[in-house]
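Student: Sharing a structure here in structure tokens format.
In my numbering, the protein residues as written are 566 to 727.
Next comes the structure, spelled out in structure tokens:
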């Protein structure tokens with residue numbers, strides 16, 4: 566029974582750790598997920614980053630559209646689940662275990678994120694410094710302060726960086 570307590574502490578630690586750098590794991594609702602991907606309007610072969618890819622649901626939906634996707638996730642349990650869930654799309658999907666704030670992002674054509682309001686200005690600044698070409702960012706649930714969305718619908722905010 567001691568191992569059960571250790572396992573419970575490990576699971577609680579994995580899910581609790583994320584709260585210090587971003588939102589806790591909450592699955593994206595299907596209507597908002599599809600709306601966000603539609604708003605990004607990427608073409609087959611283009612690349613999307615997902616900041617906090619959780620269980621891989623959005624990565625799979627993007628890969629089904631023919632996109633290349635890089636997902637970042639801090640929770641090691643969700644990373645394993647994500648790797649399993651996306652295994653059939655290995656040529657299109659890369660899952661990165663780590664803090665997306667501390668890594669160098671590959672160039673991309675779009676970004677999908679569910680980032681807490683207190684980090685939205687930081688996200689905007691990082692995108693501005695990182696991007697080398699125009700791109701779109703779809704944010705689920707939270708707007709970027711002092712930046713006007715190109716479009717807003719059903720809790721999804723679309724921003725364009727030129």
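Glycine included, each C-beta is placed from N, C-alpha and C at the ideal position.
1) Residue 690: buried (16+ other C-beta within 10 angstroms of its C-beta) or exposed?
2) What does the alpha-carbon distance come out to for the pair residue 620 and residue 718?
3) Which residues bound the alpha helix (DSSP H) around residue 605?
4) Can you tell which of 726, 724 and 665 has the C-alpha that lies nearest to the C-alpha of residue 615?
5) Whose C-alpha, out of 602, 609 and 590, is nearest the C-alpha of residue 724?
6) Let me check understanding here. Comparing Cα to Cα, which of 701, 686 and 720 lies closest to residue 677?
7) Less than 8 angstroms between the beta carbons of residue 624 and residue 590, yes or no?
8) Between the beta-carbon of residue 515 and the beta-carbon of residue 597, is there less than 8 angstroms?
9) For residue 593, count the other beta carbons within 10 Å of its own beta carbon; 16 or more makes it buried, fewer makes it exposed. Which is it?
10) With a 10 Å radius around its C-beta and 16 neighbouring C-beta atoms as the bar for buried, classify residue 595 as buried or exposed.
11) What are the complete beta strand (DSSP E) segments, minimum 3 residues, inside the segment 622 to 666?
12) Among the residues of its own chain, which have a CB less than 6 angstroms from the CB of residue 674, if the five just before and after it don't count?
13) Using 8 angstroms as the threshold, is the C-beta distance between residue 657 and residue 628 below it?
14) In chain order, what residues of the same chain lie with their CB nearer than 7 angstroms to the CB of residue 631, ignoring the 5 residues before and after it?
15) Do residue 646 and residue 663 count as a contact pair if the criterion is CB distance below 8 angstroms?
16) Starting from residue 721, trace the alpha helix (DSSP H) both ways and give me its first and last residue.
Tutor: In short, the structure shows the following:
1) On the chain shown, residue 690 is found 125 positions in, with the first residue counted as 1. Taking all protein chains in view, the Cβ of residue 690 is surrounded by fewer than 16 other Cβ atoms within 10 Å, so the residue is classified as exposed.
2) For this step, residue 620 is matched to residue 55 along the chain shown. For this step, residue 718 is matched to residue 153 along the chain shown. Residue 620 and residue 718 have their C-alpha atoms some 24 angstroms from each other.
3) What you label residue 605 is simply residue 40 of the chain shown in a count that begins at 1. Counting along the chain, the unbroken alpha helix (DSSP H) around residue 605 starts and ends at 595 to 605.
4) Taking the first residue of the chain shown as position 1, residue 615 is located at position 50. Each of 726, 724 and 665 was checked against the Cα of residue 615, and the nearest Cα belongs to 665.
5) Here residue 724 is taken as the residue at index 159 of the chain shown, counted from 1. 602 is the residue among 602, 609 and 590 whose C-alpha sits nearest the C-alpha of residue 724.
6) In the chain shown, counting from the first residue as 1, residue 677 sits at position 112. Residue 701 is the option with its Cα nearest to residue 677.
7) As a position in the chain shown, residue 624 is number 59, starting the count at 1. As a position in the chain shown, residue 590 is number 25, starting the count at 1. Going by C-beta atoms, residue 624 is not nearer than 8 angstroms to residue 590.
8) This structure cannot settle anything about residue 515, because the visible part of the chain is limited to 566 through 727.
9) Counted from its first residue, the chain shown places residue 593 at position 28. It is buried - the Cβ of residue 593 has at least 16 other Cβ atoms within 10 Å.
10) For the purposes of this step, residue 595 is identified with residue 30 of the chain shown, where counting begins at 1. The residue is exposed, with fewer than 16 neighbouring Cβ atoms inside 10 Å.
11) The segment 622 to 666 contains these whole beta strand (DSSP E) runs: 633 to 638 and 658 to 662.
12) On the chain shown, position 109 is the one that residue 674 refers to. Once the five neighbours on either side are set aside, the close Cβ partners of residue 674 are 607, 611, 612 and 700.
13) By 1-based counting over the chain shown, the position of residue 657 is 92. By 1-based counting over the chain shown, the position of residue 628 is 63. Result yes, Cβ atoms of residue 657 and residue 628 sit closer than 8 angstroms.
14) As a working note, residue 631 is residue 66 in the chain shown. For residue 631, where only same-chain residues beyond five positions count, the Cβ hits under 7 angstroms are 609 and 610.
15) By 1-based counting over the chain shown, the position of residue 663 is 98. By 1-based counting over the chain shown, the position of residue 646 is 81. Not in contact: residue 663 and residue 646 (Cβ atoms no closer than 8 angstroms).
16) The residue you call residue 721 lines up with position 156 of the chain shown. Per DSSP, residue 721 belongs to no alpha helix (DSSP H); it is in the beta strand (DSSP E), 721 to 726.
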